[in-house]
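Engineer: Numbering (the working numbering), first residue to last: 18 to 411.
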Ligand code: SF4
Ligand code: SF4
């Protein structure tokens, strides 16, 4: 089943429920690692996707999010002129898709102006709102400005389960209403679902809901316990459950034409290859779409996050300061940040991920490694694979 049509495939961006960042910054990894990778122009990999938190303000206070409801702009938010100057630099890094995210991106009044400006630079634009502010008018405005796809988070198949996960009564109904308006405006939408112990048993029902409402894609996300999401620690599934759900996903993918993607589940890329080998299927773009050609964690190798104040990070879950666009040109940060160079070189990784034969296609979740194992270069805590080199096999 190909997912080649994906408008945007990555997350750590942040539809509601996938915080585009979290408040407990890290400051980085002492010492770093001197090596860098050597692919792409001048050894710098092209940037494929940018999650841009155009504002941190939000009208909701979901219990797993980093922020309280905060409807005023946060201090230090980029001005319209600063935001446009930043957009001017994006084409120097490649031809990235821009995910306009938040917070709630629609809380920023100039979002249509910024989308239009980015479109004017031939950049593909998608949006990750929480859905509650979508009206017939704003849906048309998105379409007119040039938004190509909208992602909406749904974490349960009905109001009871979804609202309980969000901790916001009425969130399900509001999202469904928003989706209806998107459809009326002719805008494509995808559903994002965070996998937790609480909704694991409801996956089939959530999938059927996606089918019923006409979603273009369904992306499942593995919970990263950061920010207020850390309070959901008991909701994190174990490495064994993780393995089982990703194997289920591999099989389930074959039963539908809907685009399915496991996101921030880097070792799905390992499981896909193990299963494809067993099935005798070559891992090609034709057979597996973008999963065949991209790394599980794209943070720092094809993807990055830019905060509302211009701080560049590997992703929204990993508040690792890679530089600020107010003091260093964005393309320079992408090319030279110490942390990005680390993420591009397996020698910098520790534990299993440092010796794993699947590193190039997986690399483990750096945010989970940081939160659960104390270093962004530590091994992925929720992977049950034992690399061949760790067992002495070549
Ligand atoms: S570190 Fe990588 S896999 Fe983990 S949340 Fe960020 S982008 Fe996703
Ligand atoms: S050990 Fe690390 S690189 Fe290897 S499959 Fe697991 S998470 Fe991926």
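Where is the CB? At the ideal position from N, CA and C, for every residue including glycine.
These figures come from a predicted structure and were not determined experimentally.
Closest by CA to residue 324, which one among 109, 342, 316, 272?
Structural biologist: Position 307 of the chain shown, counted from the start, is the residue given in the question as residue 324. By alpha-carbon distance to residue 324, the top candidate from 109, 342, 316, 272 is 342.
Engineer: Nearer than 7 Å: is that true of the beta carbon of residue 356 relative to any heavy atom of ligand 2?
Structural biologist: Within the chain shown, the letter at position 339 stands for residue 356. False, no ligand heavy atom lies under 7 Å from that Cβ.
Engineer: Starting from the Cα of residue 104, find the closest Cα among 385, 327, 331, 216 and give me that residue.
Structural biologist: Working through the chain shown from its first residue, we reach residue 104 at position 87. Looking only at 385, 327, 331, 216, the smallest Cα-Cα distance to residue 104 is reached by 327.
Engineer: Please report how far the alpha carbon of residue 395 lies from the alpha carbon of residue 375, in whole angstroms.
Structural biologist: Start at 1 with the first residue of the chain shown, and residue 395 comes out as number 378. Start at 1 with the first residue of the chain shown, and residue 375 comes out as number 358. Approximately 15 Å between the Cα atoms of the pair.
Engineer: Let me check understanding here. Comparing Cα to Cα, which of 347, 259, 229 lies closest to residue 10?
Structural biologist: Since the displayed the chain opens at 18 and closes at 411, residue 10 lies outside it and no answer follows.
Engineer: Using CA atoms only, rank isn't needed, just tell me which of 120, 130, 205, 133 is closest to residue 414.
Structural biologist: Because the chain here runs from 18 to 411, residue 414 falls outside it and cannot be looked at.
Engineer: Could you give the DSSP three-state label for residue 76: helix, strand or coil?
Structural biologist: One-based indexing of the chain shown puts residue 76 at position 59. Looking at residue 76 - three-state DSSP - the assignment turns out to be coil, as it is neither helix nor strand.
Engineer: Contact defined as beta carbons within less than 8 Å: I believe residue 234 pairs with residue 278. What is the distance between those atoms, to the nearest angstrom?
Structural biologist: Start at 1 with the first residue of the chain shown, and residue 234 comes out as number 217. Start at 1 with the first residue of the chain shown, and residue 278 comes out as number 261. Approximately 7 Å separates the beta-carbon atoms of residue 234 and residue 278; this is inside 8 Å, confirming the contact.
Engineer: Rounded to a whole number of angstroms, what is the C-alpha to C-alpha distance between residue 397 and residue 264?
Structural biologist: Within the chain shown, residue 397 is the residue found at index 380, counting from 1. Within the chain shown, residue 264 is the residue found at index 247, counting from 1. Going by the C-alpha atoms only, they are around 18 Å apart.
Engineer: Span of the beta strand (DSSP E) holding residue 65?
Structural biologist: Taking the first residue of the chain shown as position 1, residue 65 is located at position 48. Note, residue 65: beta strand (DSSP E), 64-70.
Engineer: Just the Cα atoms here: how many angstroms apart are residue 168 and residue 162?
Structural biologist: Locating residue 168 in the chain shown gives position 151, where the first residue counts as 1. Locating residue 162 in the chain shown gives position 145, where the first residue counts as 1. So the two alpha carbons sit approximately 16 Å from each other.
Engineer: Could you please give the first and the last residue of the uninterrupted beta strand (DSSP E) stretch that includes residue 239?
Structural biologist: By 1-based counting over the chain shown, the position of residue 239 is 222. Segment 234-239, the beta strand (DSSP E) holding residue 239.
Engineer: Mind listing which residues have their beta carbon within less than 6 Å of any non-hydrogen atom of ligand 2? Chain order is fine.
Structural biologist: 283, 284, 287, 369, 370, 373, 375, 376, 379, 380, 381, 396, 397, 400, 402, 404
Engineer: Just checking residue 343 against ligand 1 - is the residue's beta carbon closer than 7 Å to any of the ligand's heavy atoms?
Structural biologist: Here residue 343 refers to the residue found at position 326 of the chain shown. Exclusion of residue 343 from the 7 Å shell around ligand 1 follows from its C-beta lying no nearer than that to any non-hydrogen atom of the ligand.
Engineer: Evaluate contact between the stretch 88-104 and the stretch 147-157, counting only Cβ atoms and requiring at least three cross-stretch pairs below 8 Å.
Structural biologist: Fewer than three Cβ pairs drawn from the stretch 88-104 and the stretch 147-157 lie within less than 8 Å of each other, which leaves the two stretches out of contact.
Engineer: So, using beta-carbon positions, are residue 379 and residue 287 closer together than 8 Å?
Structural biologist: Here residue 379 refers to the residue found at position 362 of the chain shown. Here residue 287 refers to the residue found at position 270 of the chain shown. Result yes, Cβ atoms of residue 379 and residue 287 sit closer than 8 Å.
Engineer: Starting from the C-beta of residue 31, find all residues in its chain whose C-beta is less than 7 Å away, skip the five residues before and the five after it, and write them out in chain order.
Structural biologist: One-based indexing of the chain shown puts residue 31 at position 14. Residue placement at residue 31 is flagged as unreliable, the pLDDT there being 37, under the threshold of 50; a coordinate-derived value is accordingly withheld.
Engineer: By how many angstroms is the C-alpha of residue 384 removed from the C-alpha of residue 186?
Structural biologist: Here residue 186 refers to the residue found at position 169 of the chain shown. Here residue 384 refers to the residue found at position 367 of the chain shown. Cα to Cα, the separation comes out at about 29 Å.
Engineer: Between residue 114 and residue 159, what straight-line distance do the alpha-carbon atoms span, to the nearest angstrom?
Structural biologist: The count along the chain shown starts at 1 and reaches residue 114 at position 97. The count along the chain shown starts at 1 and reaches residue 159 at position 142. Distance between the alpha carbons of residue 114 and residue 159: 16 Å.
Engineer: Between residue 383 and ligand 1, is the CB less than 7 Å from at least one heavy atom?
Structural biologist: As a position in the chain shown, residue 383 is number 366, starting the count at 1. Residue 383 Cβ: within cutoff of ligand 1.
Engineer: Give the DSSP-derived three-state secondary structure of residue 195 in the structure shown.
Structural biologist: Position 178 of the chain shown holds residue 195. Correct three-state label for residue 195: helix.
Engineer: DSSP state of residue 144, grouped into three classes?
Structural biologist: Translated into the one-based positions of the chain shown, residue 144 becomes position 127. Here residue 144 sits in strand by DSSP.
Engineer: Going straight from the alpha carbon of residue 116 to that of residue 66, what length do you get?
Structural biologist: Numbered from 1 along the chain shown, position 99 holds the residue referred to as residue 116. Numbered from 1 along the chain shown, position 49 holds the residue referred to as residue 66. Straight-line Cα distance between these residues: approximately 7 Å.
Engineer: Classify residue 294 as helix, strand or coil using the three-state DSSP reduction.
Structural biologist: Your numbering for residue 294 matches position 277 in the chain shown. Residue 294 falls in the helix class under three-state DSSP.
Engineer: What residue from 262, 126, 335 has the CA that sits closest to residue 388's CA?
Structural biologist: The residue given as residue 388 occupies position 371 in the chain shown. Of the candidates 262, 126, 335, the one whose C-alpha sits nearest the C-alpha of residue 388 is 335.
Engineer: With respect to 7 Å, is the separation between the Cβ of residue 314 and the closest non-hydrogen atom of ligand 1 below this value?
Structural biologist: Taking the first residue of the chain shown as 1, we reach residue 314 at position 297. Because some heavy atom of ligand 1 lies under 7 Å away, the Cβ of residue 314 counts as near it: yes.
Engineer: Enumerated in chain order, which unbroken segments of the alpha helix (DSSP H) with a length of 4 residues or greater are wholly contained in the stretch 325-403?
Structural biologist: 347-353, 355-360, 368-372, 383-390
Engineer: Using 10 angstroms around the beta-carbon of residue 361, count the other beta-carbons present and answer buried if the total reaches 16, otherwise exposed.
Structural biologist: As a position in the chain shown, residue 361 is number 344, starting the count at 1. Under this definition residue 361 is a buried residue.
Engineer: Which of helix, strand or coil does DSSP assign to residue 129?
Structural biologist: Counting from one through the chain shown, the residue named residue 129 turns up at place 112. Reduced to three states, the DSSP call for residue 129 is helix.
Engineer: Using only CA atoms, which one of 88, 239, 228 lies nearest to residue 400?
Structural biologist: For the purposes of this step, residue 400 is taken as the residue at position 383 of the chain shown. Out of 88, 239, 228, 239 has the C-alpha closest to the C-alpha of residue 400.
Engineer: Short check: CB of residue 402 to CB of residue 284, under 8 Å?
Structural biologist: Here residue 402 is taken as the residue at index 385 of the chain shown, counted from 1. Here residue 284 is taken as the residue at index 267 of the chain shown, counted from 1. Closer than 8 Å, so yes.
Engineer: On a CA-only basis, which of 207, 182, 225, 192 is nearest residue 215? Give me that one, please.
Structural biologist: Along the chain shown, read from residue 1 onward, the residue named residue 215 stands at position 198. Here the closest residue by C-alpha is 182.
Engineer: Using a beta-carbon distance below 8 Å, is residue 60 in contact with chain B?
Structural biologist: The structure shown has no chain B; it contains just one protein chain.
Engineer: Could you give the DSSP three-state label for residue 227: helix, strand or coil?
Structural biologist: Residue 227 sits at position 210 when you count from the first residue of the chain shown. Reduced to three states, the DSSP call for residue 227 is helix.
Engineer: Near residue 199, what residues of its chain come up, given a Cβ to Cβ distance below 6 Å and the 5 sequence neighbours on each side ignored?
Structural biologist: Translated into the one-based positions of the chain shown, residue 199 becomes position 182. 156, 167, 206.
Engineer: Keeping to the same chain, check which residues put their C-beta closer than 6 Å to that of residue 95; ignore five residues upstream and five downstream.
Structural biologist: Here residue 95 refers to the residue found at position 78 when the chain shown is read from its first residue. Closer than 6 Å at the Cβ level, and outside the excluded window around residue 95, lie 327.
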